[in-house]
Amino acid sequence: MNTGLPSQIQVIELLGGEVARAGYEVEDVIIHTWSQPFWITVLADGDTVLARDIIATLSHSVSALLDGLDNIVDRYFLEVSSLGMGRPFTSEKHFRRARGRKVELAAVGRIPADRSNWGDVRRHGDVGDPRRPRLCGMRDPAIEIMKAIV
Numbered sequence: 025m026n027t028g029l030p031s032q033i034q035v036i037e038l039l040g041g042e043v044a045r046a047g048y049e050v051e052d053v054i055i056h057t058w059s060q061p062f063w064i065t066v067l068a069d070g071d072t073v074l075a076r077d078i079i080a081t082l083s084h085s086v087s088a089l090l091d092g093l094d095n096i097v098d099r100y101f102l103e104v105s106s107l108g109m110g111r112p113f114t115s116e117k118h119f120r121r122a123r124g125r126k127v128e129l130a131a132v133g134r135i136p137a138d139r140s141n142w143g144d145v146r147r148h149g150d151v152g153d154p155r156r157p158r159l160c161g162m163r164d165p166a167i168e169i170m171k172a173i174v
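And the structure:
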């Protein structure tokens, strides 16, 4: 069945260069075929924060590229966004991109008051386990981090 939409891979290949020229990369493309008009979500990320003006510029560029495709429907919604603050860290680049940003931690058990203001995420590789990033000022590596939100 032809939906009048490109595939996820086609969109990533089409947009990758344009997004890279802006200093970011296409992290994911989600094509929602359940809505009318169809909805295309492009998630971008980079080493610097994806500001609103950059998102607006990327939206215009992405829209022009998508409109130039032969197999695109006449009407669709386009959303260009970042992964957001609560995203899971699943690769080294996510840890690298979070370097220097403030984090909110949930630890197993109680954290003494003198250890409740730890600081920012260090570079991935500072510790052996990428799921346990080292934190500036962390004095007790025995404290188990249950959840960390950048």
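When we follow this note's numbering, the leftmost residue of the sequence shown carries the number 25, and every step to the right adds one. We put the beta carbon where it would ideally sit given N, CA and C, even for glycine. Values in this document were obtained by computation on a predicted structure and should not be read as measured data.
Legend entry - Proximity of L89 and E42 at Cβ, strictly below 8 Å: Counted from its first residue, the sequence shown places residue 89 at position 65. Counted from its first residue, the sequence shown places residue 42 at position 18. Cβ distance < 8 Å, so L89 and E42 count as in contact.
Legend entry - Reduced DSSP secondary structure (H/G/I, E/B, other) of V35: Locating residue 35 in the sequence shown gives position 11, counting from the first residue. Helix at V35.
Inset, instruction - Have a look at the DSSP bridge pairing and note the partners of L67. - result: On the sequence shown, position 43 is the one that residue 67 refers to. D52 and S105, per the DSSP bridge assignment.
Legend entry - G149 versus R123 - alpha carbon distance: On the sequence shown, residue 149 is found 125 positions in, with the first residue counted as 1. On the sequence shown, residue 123 is found 99 positions in, with the first residue counted as 1. Caution is warranted here: a pLDDT of 39 is assigned to G149, below 50, making its placement in the model unreliable, and the coordinate value is therefore given only provisionally. Straight-line Cα distance between these residues: approximately 12 Å.
Legend entry - Given W63 as reference, the closest of Q32, E116, T114 and L107 once Cα atoms are compared: To locate residue 63, count along the sequence shown from 1; it is residue 39. For W63, the nearest C-alpha among the options comes from Q32.
Legend entry - Q34: CB within 7 Å of a non-hydrogen atom of the ligand ATP: No copy of the ligand ATP occurs in the structure displayed, which carries no ligand at all.
Inset, instruction - Let me know the secondary structure DSSP gives R123 once reduced to three states. - result: To locate residue 123, count along the sequence shown from 1; it is residue 99. Correct three-state label for R123: strand.
Inset, instruction - Mind reading off the beta-carbon distance from I79 to T65? Whole number of angstroms is fine, and I expect it under 8 Å. - result: Position 55 of the sequence shown, counting from 1, holds the residue named residue 79. Position 41 of the sequence shown, counting from 1, holds the residue named residue 65. Wrong, their Cβ atoms sit about 12 Å apart, outside the cutoff.
Inset, instruction - Would you kindly work out how many angstroms separate the C-alpha atoms of E51 and E116, rounded to a whole number? - result: Within the sequence shown, residue 51 is the residue found at index 27, counting from 1. Within the sequence shown, residue 116 is the residue found at index 92, counting from 1. The alpha-carbon atoms of E51 and E116 are separated by roughly 14 Å.
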